[in-house]
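Here's the structure, in structure tokens; my notes come after.
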Ligand code: BG6
Ligand code: MG
């Protein structure tokens, strides 16, 4: 029986995927190559340093560790500038209503994100109050597709993995949920999120009944 829901943050609860993309694109352009939205799919759900590795592979570039840390920091500084201006208006449609419904129906709610910036975003958008547990990039050592972030979420909710479902917009996140032995709802495009148990476009008009439909 499902007793808890674990939400990815970027691209599921808030539209920060576009800010990650803008910041990575800015870095790629500064390094002299193009970075497309299609390339960006590979970075979703992936840690900051691993994302940089993929970006550099696309640009056919290699740097020493020290330079890579500087490049990642540069990208993060731009990203933090973008998200510092965020407010409640950037919560994706239907998300707040869905979270409220889950609470009313007794489901526990966790955040399962590998972002180290998750807390700033939850605070700026006033969403922290909805979560019984918050697992972010400061609490995990392995990024998705490793299941660590979701297993920790279940543990902090005092639930078994099979009692949780995951909401994810990233291919790596869907694989992480599978490896955690959890059902997963993809949020986004059916073509991209083929391995999810179900795919929704977003939370607009979505009710808790979808949990029973899984
Ligand atoms: C994930 C995003 O939620 O967090 C990735 O989907 C991002 O794109 C990762 O790289 C790490 O985020 P941050 O904020 O710690 O750089
Ligand atoms: Mg995401």
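In full-length UniProt numbering, the protein residues as written are 1 to 214. All C-beta atoms, glycine included, are put in the ideal place defined by N, C-alpha and C.
Between residue 90 and residue 15, the gap from beta carbon to beta carbon is short of 7 Å. With contacts defined as CB atoms closer than 7 Å, residue 180 and residue 131 fail to qualify as a contacting pair. Three or more Cβ pairs drawn from the region 42-60 and the region 166-181 lie within less than 8 Å of each other, which places the two stretches in contact.
In this structure, 22 is the residue among 30, 49 and 22 with its C-alpha nearest to the C-alpha of residue 36. Inter-residue distance for residue 139 and residue 113 is about 10 Å (C-alpha atoms, whole angstroms). For residue 112, the beta-bridge partners assigned by DSSP are 135. For residue 165, the enclosing beta strand (DSSP E) has its first and last residue at 164-168. With fewer than 16 neighbouring CB atoms inside 10 Å of its own CB, residue 67 falls in the exposed class. In this structure, the C-beta of residue 10 approaches the ligand BG6 to less than 6 Å from one of its heavy atoms. Residue environment: residue 63 is assigned as exposed (fewer than 16 neighbouring CB atoms within 10 Å of its CB, all protein chains considered). Going by beta carbons, residue 59 and residue 98 fall outside the 7 Å limit. Residue 127 and residue 100 have their alpha carbons spaced roughly 11 Å apart. A residue is called buried when at least 16 other Cβ atoms come within 10 angstroms of its Cβ; residue 80 does not meet this threshold and is exposed.
A Cβ-Cβ distance of about 14 Å is found for the pair residue 206 and residue 196, leaving them out of contact under the 8 Å criterion.
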